[in-house]
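In the UniProt record's numbering, the protein residues as written are 1 to 45.
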């Protein structure tokens with residue numbers, strides 16, 4: 001499930017013409033990791 005979500009976000013980002021850095025700037029999320037199947041995010045300070 002989480003992999004499908006990742007692909008959906010990536011597809012939407014590419015179609016919108018955004019780089020990963022631009023998307024991170026817009027959302028404030030700098031890193032998304034899946035640790036043991038659990039999603040964790042790192043927010044910008």
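Using N, Cα and C, we set each Cβ at its ideal position, and we do this for glycine too. Only a predicted model underlies this, so the values are computations on that prediction, with no experimental measurement involved.
Between the C-alpha atoms of residue i and residue j, what's the straight-line distance to the nearest angstrom?
i: residue 47; j: residue 10; result: What the structure shows of the chain is the stretch from 1 to 45, and residue 47 is not part of that stretch, so it cannot be assessed.
i: residue 27; j: residue 8; result: 16 angstroms
i: residue 29; j: residue 20; result: 10 angstroms
i: residue 4; j: residue 25; result: 23 angstroms
i: residue 22; j: residue 36; result: 27 angstroms
i: residue 17; j: residue 6; result: 17 angstroms
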